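2 protein chains.
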Amino acid sequence: MRVGVIGGGQLARMMVPAAIELGIEIAVLGESQDSSARIAVTAIGDHRDPEVVLAFARDVDVITFDHEHVPQPVLRALVDAGVAVRPGPEALLHAQDKLVLRERLQQLGVPQPEWARVADADELAAFLERVGGRAVVKTPRGGYDGHGVRVVSSAREADDWLADGPLLAEELVAFRRELAQLVARRPSGDVAVWPLVETVQGGGVCREVFAPAPRATARTERVSREIAHSLAQALGVTGVLAVELFETADDRVLVNELAMRPHNSGHWTIDGAVTSQFEQHLRAVLDLPLGSTDAIAPWSAMVNVLGGPADGDLDRPMPLLMADQPAAKVHLYGKAPRPGRKIGHVTATGADLDEAVFQARAAAAFFA
Amino acid sequence: MRVGVIGGGQLARMMVPAAIELGIEIAVLGESQDSSARIAVTAIGDHRDPEVVLAFARDVDVITFDHEHVPQPVLRALVDAGVAVRPGPEALLHAQDKLVLRERLQQLGVPQPEWARVADADELAAFLERVGGRAVVKTPRGGYDGHGVRVVSSAREADDWLADGPLLAEELVAFRRELAQLVARRPSGDVAVWPLVETVQGGGVCREVFAPAPRATARTERVSREIAHSLAQALGVTGVLAVELFETADDRVLVNELAMRPHNSGHWTIDGAVTSQFEQHLRAVLDLPLGSTDAIAPWSAMVNVLGGPADGDLDRPMPLLMADQPAAKVHLYGKAPRPGRKIGHVTATGADLDEAVFQARAAAAFFA
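These protein sequence lines are chains Y and V, in that order. Residues 1 to 368 (our numbering) make up the first sequence, in order. Residues 1001 to 1368 (our numbering) make up the second sequence, in order.
Here it is, written out as structure tokens:
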């Protein structure tokens, strides 16, 4: 069995240990020799170039992804060439285009924030009036980690983006906190569901994840599970699907965004679950039976390493970190430190959430 | 940080996921393009050739090993060239030469079976008389997994081996079971100790491991820990040290053999301990602080996959195995099936030993 991954970022990198353990060959189409997943990079090229991607796909049993940026025409060319593409183009479109997703969620009756497709300032003004004067506008495509997202309180504040096409406008949800529900689905239809988690964002970037989501009601857990399960089926997802959710003050959950690949909200599963999201993604895209999603400890806490040391030396903090936090699981992505960049994460597990959070934060802080 | 591993077998292979997660670069000197650790192989050559090994060592911060077969003159050449070799030649000699080990254990007063260095049939006859007419003879060097080991009851049965030099003769220990104590030591002296385990051998090959060793007395655990800890210090081991032990019917523990590298008796730590032996080995040889050796579940059971399917197809059993045992952790080594060959292992963890053993055995049986 040989899996080809398009994109050489940290998600591809973290698939490699899972592939090695399962005895699955893994090949990565990377951006450069210096890609995070470089140990498995077998080709370097542009994922927007059909010829590059088709040539890469020739020697693998299935193609999957480190990111959602492969254009639809390239995905279609793969399918037309008989390549198993998982997730497939129809499913992936919902992770590529936020307007397509919102329309589909509406059709499916899935709870989500108020939203509108706005093509000009007048439409945005009308939406602003409807939702109380402030809204989030998003470019339908290409946004990530806070890019392509802007809070506006007047209709002219999105003129620059509107020049490029219609935008998604959403109400500003007064959420209590953010949650994420991770599931995996294989082509034959089986779905595996991990525990619901709480995610803490800052500056549009995931900072911390607590698993399971503390103090979540049984109803919230059930609704979140049902939403993610039914979305995986309805959209025909193959592989991991992460559904980002708002938990509102009046105890509803609304779908914020989704990702059709391993996701930051699931990094805790490497150390905290029987089957990690990376192993599960490989199983799912190969249409192998899915593994147990049970947690291996009552609590897991994951803290991202953002930016890194000012001197760029990631080796320097390691001795002190490891001496101070011998139970912390450090994961570095082989990326050069740069302000705000996700360069790694730390997970701690245990019987006490506060202690796990403390350990993971203390370890991650050594990289500041 | 860049670690160079001499030898491309499954132990090198299983260091790779640990290196990827920690952000440590890993390079392997493999036997062939087809080595088990091929994803990290950066050079192919003979580990007995000083030029090959010195060239490989040029670009790494430390040299360590997949096996103990690098000759002493090659190890010395590395040290003379200023390379950090961990474990170093003096320590490694005790894992390379069983006579050297027995002599050293005697000096240190470590409990071990009755033994003698026998240079000819007369000396073997004298030893046989001393231990009751039957003994184990071992070639001092090059043995592994039952090779170079023979049970004899007359002095002429080792003539072929004696022609090549002196042998180690040992009493046949009437042991109740075999145990193994895994530790790791870093150059600065810190030693980390995992729980004592029970190992089940068959045909000279490890078949199963139960962690922790069921029904071990506190005294057995303490003595085993003390033996391994003091040996790591006395021999100046850097990296993982596995001490294979006999537990006798009268509740003593005797040192059988030792290995200065990750060891089959420690494979359970990948899924069953906070820090796996592979991560710990990397930390130790880089002189980084050692990680927690706590188990993450009350029980772990590891079952080796020996031989593999007669048709050589390792992909075929996977769907049924995974459907039947969703919590089993399957590890395959990227090696072609061959009768008796170690090609993988399966670990299961949980609150109940019998259930973990059942799961691991059931999963491994799919490869038969």
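Quick reminder that beta carbons are idealized off the backbone N, C-alpha and C, glycines included. Computed from a prediction, not measured in an experiment: that's the story for all the values here.
Query                                                                                                                        : Result
Residue range of the alpha helix (DSSP H) that includes V/Phe-1358                                                           : 1353-1365
Beta carbon proximity, Y/Gly-291 to chain V, threshold 9 angstroms                                                           : yes
Counterpart residues of Y/Gly-8 in DSSP-defined beta bridges                                                                 : BP columns for Y/Gly-8 are empty, so no partner.
Interface flag, Y/Ile-44 vs chain V, CB-CB below 9 angstroms                                                                 : no
Contact with chain Y by V/Ile-1006, beta-carbon distance below 9 angstroms                                                   : no
Three-state class that DSSP yields for V/Lys-1098 in the structure shown                                                     : helix
Three-state secondary structure assigned by DSSP to Y/Ile-24                                                                 : coil
Three-state class that DSSP yields for V/Ser-1265 in the structure shown                                                     : helix
C-beta atoms of Y/Gly-350 and Y/Ala-323 nearer than 9 angstroms                                                              : no
Outcome for V/His-1263 when other beta-carbon atoms lying within 10 angstroms are tallied against a minimum of 16            : buried
Beta carbon proximity, V/Lys-1329 to chain Y, threshold 9 angstroms                                                          : yes
Residue-level contact to chain V via CB, Y/Glu-31, 9 angstroms cutoff                                                        : no
V/Met-1195 at chain Y interface by Cβ criterion, 9 angstroms                                                                 : Going by the sequence as given, residue 1195 of chain V is Pro instead of Met. Not one chain Y Cβ lies under 9 angstroms of V/Pro-1195.
Beta carbon of Y/Ser-300 nearer than 9 angstroms to that of Y/Cys-206                                                        : no
Contact list for V/Gly-1142 against chain Y, beta-carbon separation under 7 angstroms                                        : Per Cβ cutoff of 7 angstroms: no residues; V/Gly-1142 is ~29 angstroms from chain Y at best.
The stretch 69-77 of chain Y / the stretch 48-58 of chain Y touching (three or more Cβ pairs under 8 angstroms)              : yes
Cβ-Cβ distance between Y/Thr-42 and Y/Ala-27 below 9 angstroms                                                               : yes
Proximity below 9 angstroms, CB of V/Asp-1271 to CB of V/Lys-1335                                                            : no
Cross-strand partners of V/Ser-1300 (DSSP beta bridge)                                                                       : V/Ala-1211 and V/Thr-1349
Residue(s) in a DSSP beta bridge with V/Lys-1329                                                                             : V/Thr-1347
Beta-carbon spacing of Y/Ala-174, Y/Leu-196 below 9 angstroms                                                                : no
Stretch pair the stretch 88-100 of chain Y + the stretch 289-303 of chain Y: three plus CB contacts closer than 8 angstroms  : no
Through-space distance from Y/Arg-104 to V/His-1267, alpha-carbon basis                                                      : 47 angstroms
Beta-carbon proximity of Y/Val-5 to Y/Leu-29, cut-off 9 angstroms                                                            : yes
Cross-chain neighbours of Y/Asp-315 in chain V, by beta carbon under 8 angstroms                                             : Met-1001
Whole-Å CB distance - Y/Pro-113 paired with Y/Glu-171, under 8 angstroms assumed                                             : 5 angstroms
Neighbour flag for V/Arg-1086 against chain Y, beta carbons, 9 angstroms                                                     : no
Spatial neighbours of Y/Phe-210 in its chain, beta-carbon cut-off 6 angstroms, leaving aside the 5 residues before and after : Glu-198 and Ala-301
Rounded separation between V/Leu-1353 and V/Ala-1360 - CA only                                                               : 11 angstroms
Rounded Cβ spacing between Y/Val-149 and Y/Val-131 (contact assumed at less than 8 angstroms)                                : In fact, because the Cβ distance is near 16 angstroms, the residues do not count as touching under 8 angstroms.
Closer than 9 angstroms to chain Y by CB, V/Asp-1122                                                                         : no
Within-9 angstroms CB hit, Y/Ala-297 to chain V                                                                              : yes
Burial state of V/Arg-1219 (16 or more Cβ within 10 Å)                                                                       : exposed
Below-9 angstroms beta-carbon distance, V/Gly-1009 vs any chain Y residue                                                    : no
Residue burial classification, V/Thr-1275 (beta-carbon count within 10 angstroms, cutoff 16)                                 : buried
Contacts that Y/Val-357 makes with chain V (C-beta to C-beta distance below 7 angstroms)                                     : Ordered by position in chain V, no residue passes the 7 angstroms Cβ test against Y/Val-357, which lies about 17 angstroms from the chain.
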